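Reminder that position 52 of the sequence shown reads as 458 in the working numbering, one-by-one numbering, no gaps. Using N, Cα and C, we set each Cβ at its ideal position, and we do this for glycine too. As the structure is a computational prediction, the values presented were derived from the model and not from experiment. Encoded as structure tokens, the structure appears first; notes follow it.
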Amino acid sequence: MSSQQTFLIRYGIHNFVSCMENSGNIAFLIQKSERQTMVRHAQKLIQGAYGEQADIRVI
């Protein structure tokens, strides 16, 4: 299990956030169908943990 997957599970966002690594950058994909407050919560968690290295997309 990757450190990104462990992160998603630890914070309980693995049900609506997925991740993939591409050329050293990490893309986090957040499901748009999730409540807006949860989308914002996930974005803040990811930004806090990965900073500029993370590419966060709501799909």
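Where residue i sits in the DSSP three-state scheme
i, result
"S408", "coil"
"I462", "strand"
"Y456", "helix"
"I419", "coil"
Span of the beta strand (DSSP E) around residue i
i, result
"R441", "Per DSSP, R441 belongs to no beta strand (DSSP E) and is neither H nor E."
Beta-bridge pairing of residue i - partner residues as DSSP gives them
i, result
"E427", "I432"
Residues of its chain near residue i, where Cβ-Cβ distance is below 7 Å and the 5 sequence neighbours each way are ignored
i, result
"Q410", "C425, I432"
Cut-off 6 Å between Cβ atoms - residues of its own chain near residue i, not counting five sequence neighbours on either side
i, result
"Q422", "In the sequence as presented, Gln is not what sits at residue 422; that position holds Phe. Cβ neighbours of F422 beyond the five flanking positions: Q437, E440."
"D461", "N431, A433"
CB contact check: residue i to chain D, cutoff 8 Å
i, result
"I462", "Here there is only one protein chain, and chain D is not present."
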